[in-house]
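Residue numbers (UniProt numbering), protein chains in the order written: chain L, 1 to 342; chain G, 1 to 342.
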DNA sequence: CTGAAAGCGCTTACAG
DNA sequence: CTGAAAGCGCTTACAG
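Structure representation (structure tokens):
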């Protein structure tokens with residue numbers, strides 16, 4: 001491949017200045033038809049495409065955002081990424097995929113990419129509680145938007161699910177089906193989603209009045225393994241449980257493994273609602289009722305919030321709450337009389 | 001936030017030339033301890049971080065690759081992306097996420113990013129047959145590596161699954177269980193994965209000899225809807241079928257929906273193997289046997305192949321085939337006597 | 001060994 | 001309205 005054509009080559013071929021070519025290409029000038037033709041021809045002949053790096057350097061912005069997430073193989077973040085990428089493409093932004101595995105050094109490294117002008121801003125999602133270092137790294141960082149989880153003490157723009165309200169609604173649904181001994185496999189302590197949902201869960205139990213118990217609220221990592229272990233624990237120590245609310249699809253999947261092993265049947269023996277709805281829950285038997293996160297909305301709103309922040313456009317609200325949706329399927333049924341697990 | 005520090009600020013503060021700072025920071029110089037200290041201090045005081053855009057512009061490379069895929073919400077590509085990103089991060093490369101939705105204009109647009117120096121190279125995965133435009137766009141494009149699917153006629157480096165051998169093995173497994181009337185819900189016509197697996201499937205049937213039939217080989221898009229429709233068709237027109245081999249998890253999921261609706265039970269009524277194994281197939285009942293793609297390997301090898309191509313390092317083989325793995329679970333059983341679906 | 005200067009390929013304030 | 005020139009923030013061949 002020959003040397004790549006530059007704007008200079010075009011200007012020479014079209015017999016105008018580079019200034020004119022640049023302005024024309026950026027639409028900030030009106031030109032005689034004849035000149036336009038000459039430039040267009042030169043562009044075509046030379047197969048000219050502008051160098052975005054050079055443009056970014058002069059303009060001082062890269063038209064790229066960093067999407068910082070713990071994992072991409074996880075369907076939750078994959079769907080979030082899909083929404084973010086789609087919206088970014090619409091708005092003319094590129095997306096740099098930054099996977100952290102919840103490693104705080106990497107997280108901080110990616111935040112620095114804002115200052116170094118590598119990206120115009122960052123959409124940030126973390127899955128672990130901050131030990132303070134994140135908060136420090138965030139000091140004076142502009143163009144930073146949180147998604148899904150909060151960073152304690154950080155007063156930055158963000159988009160979150162209406163976790164508490166969602167959990168309240170989900171738990172009410174369980175209670176309405178007649179359950180009185182309900183457990184929750186919650187997420188990690190100190191994580192916004194887990195804390196808020198726990199509150200919503202307890203709201204519903206309290207609201208239901210005497211005779212309704214939160215038999216157990218187990219904090220666990222959002223992983224299949226944690227769900228498996230927590231479910232064992234639950235079965236052993238609280239056999240009176242008739243319904244469980246799990247904080248993520250992974251937790252549900254882990255719990256399911258334990259249930260299978262122990263011969264506990266969802267629907268018949270125990271009712272279940274899980275959060276997220278990113279796995280093919282409708283195809284399980286019975287189909288699993290879920291508290292769905294509106295990831296398309298969250299991704300879109302977060303990206304738009306970030307773009308407004310970059311452009312310094314005032315926004316109506318800096319923290320946006322996106323409603324969750326209770327998708328009723330078949331995993332919540334009336335409890336059996338004198339139910340006893342195992 | 002104050003004006004961002006540049007290498008010039010550092011050089012002034014440390015009382016050396018920018019040349020020296022640049023060389024020191026890039027490790028291409030040995031300096032007296034005293035000078036080192038001054039530079040380090042200046043960097044720290046000014047919170048200096050190099051501007052990667054400027055560096056890329058002068059070096060002529062961006063240390064970024066484009067990952068071009070049809071979707072990211074799809075777990076198959078999400079896992080591929082995870083492997084690619086992880087390897088890229090190890091190698092010091094950034095990943096620009098480019099989702100095409102199989103839109104050929106977008107695909108071509110992203111390929112152009114190589115020439116414009118936006119990215120050093122592209123890892124490309126497409127899900128639809130080329131109409132020739134892709135092949136044209138690829139002319140003279142360096143630093144381009146294919147993953148998973150081929151582009152007809154393009155003699156470019158690539159990493160693919162050993163589709164034919166994998167399908168052969170999977171189908172043998174079905175035949176060994178005693179099945180004689182076997183169907184395949186294959187992928188789209190003219191797609192490498194689909195064609196190769198179809199061949200492997202037919203290899204196995206032929207090898208099994210008389211009495212063994214490929215009752216139907218249906219071409220369908222890799223979607224849940226296509227699987228649903230194809231399964232209807234199959235049940236109606238080929239009720240003698242006792243086993244099915246599906247070309248993707250989506251196809252399997254779609255087929256499962258139809259089976260549910262029609263009361264066809266996997267394992268008991270019909271045996272199943274599916275390709276990919278990216279959905280939680282182990283948690284279905286019965287657990288679904290799958291021909292797994294080794295996505296971690298594929299992503300890693302593809303990224304390394306791309307980096308070698310960028311660096312013009314000679315590689316032992318330009319087209320790499322990654323073995324598939326047959327994960328035997330519980331969805332393949334002996335056929336029932338005189339089996340008749342419906 | 002060190003540094004002044006040119007260059008990477010654009011954009012844009014400024015002067016004509 | 002047009003264009004020469006400076007500037008974006010680096011790297012590196014070249015001269016001292």
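Glycine included, each C-beta is placed from N, C-alpha and C at the ideal position.
Chain G within 9 Å of residue i, Cβ atoms only
{"i": "residue 102/L", "result": "no"}
{"i": "residue 309/L", "result": "no"}
{"i": "residue 173/L", "result": "no"}
{"i": "residue 3/L", "result": "no"}
{"i": "residue 87/L", "result": "no"}
{"i": "residue 99/L", "result": "yes"}
{"i": "residue 38/L", "result": "no"}
{"i": "residue 75/L", "result": "yes"}
{"i": "residue 342/L", "result": "Note that residue 342/L scores 48 on pLDDT, short of 50, meaning its location in the model is unreliable and no value can be drawn from it."}
Within-9 Å CB hit, residue i to chain L
{"i": "residue 321/G", "result": "no"}
{"i": "residue 207/G", "result": "no"}
{"i": "residue 95/G", "result": "yes"}
{"i": "residue 72/G", "result": "yes"}
{"i": "residue 64/G", "result": "yes"}
{"i": "residue 329/G", "result": "no"}
{"i": "residue 67/G", "result": "yes"}
{"i": "residue 260/G", "result": "yes"}
Which residues DSSP lists as bridging residue i, in chain order
{"i": "residue 232/L", "result": "Per DSSP, none; premise fails for residue 232/L."}
{"i": "residue 278/G", "result": "Answer is none; residue 278/G lacks a bridge partner."}
{"i": "residue 327/L", "result": "290/L"}
{"i": "residue 271/G", "result": "243/G"}
{"i": "residue 319/L", "result": "158/L"}
{"i": "residue 144/G", "result": "122/G"}
{"i": "residue 97/L", "result": "67/L"}
Test item: CB-CB of residue i and residue j under 9 Å
{"i": "residue 162/G", "j": "residue 12/G", "result": "no"}
{"i": "residue 57/L", "j": "residue 51/G", "result": "yes"}
{"i": "residue 227/L", "j": "residue 251/L", "result": "yes"}
{"i": "residue 224/G", "j": "residue 253/G", "result": "yes"}
{"i": "residue 271/G", "j": "residue 174/G", "result": "yes"}
{"i": "residue 288/G", "j": "residue 242/G", "result": "no"}
{"i": "residue 134/L", "j": "residue 107/L", "result": "yes"}
{"i": "residue 191/L", "j": "residue 160/L", "result": "no"}
{"i": "residue 123/L", "j": "residue 117/G", "result": "no"}
{"i": "residue 172/G", "j": "residue 196/G", "result": "no"}
{"i": "residue 263/G", "j": "residue 147/G", "result": "no"}
{"i": "residue 70/G", "j": "residue 19/G", "result": "no"}
{"i": "residue 303/G", "j": "residue 87/G", "result": "yes"}
{"i": "residue 237/G", "j": "residue 281/G", "result": "no"}
{"i": "residue 14/G", "j": "residue 38/G", "result": "yes"}
Within chain L, the residues that residue i reaches when beta carbons sit closer than 8 Å
{"i": "residue 54/G", "result": "57"}
Proximal residues of chain L, C-beta to C-beta of residue i below 7 Å
{"i": "residue 115/G", "result": "4, 49"}
Chain-ordered neighbours of residue i on chain G, where CB pairs are closer than 9 Å
{"i": "residue 192/L", "result": "Correct list: empty, because the minimum Cβ distance to chain G is about 24 Å."}
{"i": "residue 81/L", "result": "72, 73, 78, 81, 97, 99"}
{"i": "residue 253/L", "result": "280, 283"}
Closer than 9 Å at the beta carbon, the chain L residues around residue i
{"i": "residue 257/G", "result": "282, 283"}
Any non-hydrogen atom of the ligand SAH within 8 Å of residue i CB
{"i": "residue 231/G", "result": "Questions concerning the ligand SAH fall outside what the structure shown contains, since it holds no ligand whatsoever."}
- prompt: Of the residues that make up the stretch 280-298 of chain G, which ones have a beta carbon closer than 8 Å to any beta carbon in chain L?
  reply: Those would be 280, 283, 284, 285, in chain order.
Chain-ordered residues of the stretch 108-136 of chain L with a beta carbon less than 9 Å from chain G: 112, 113, 115, 116, 117, 118
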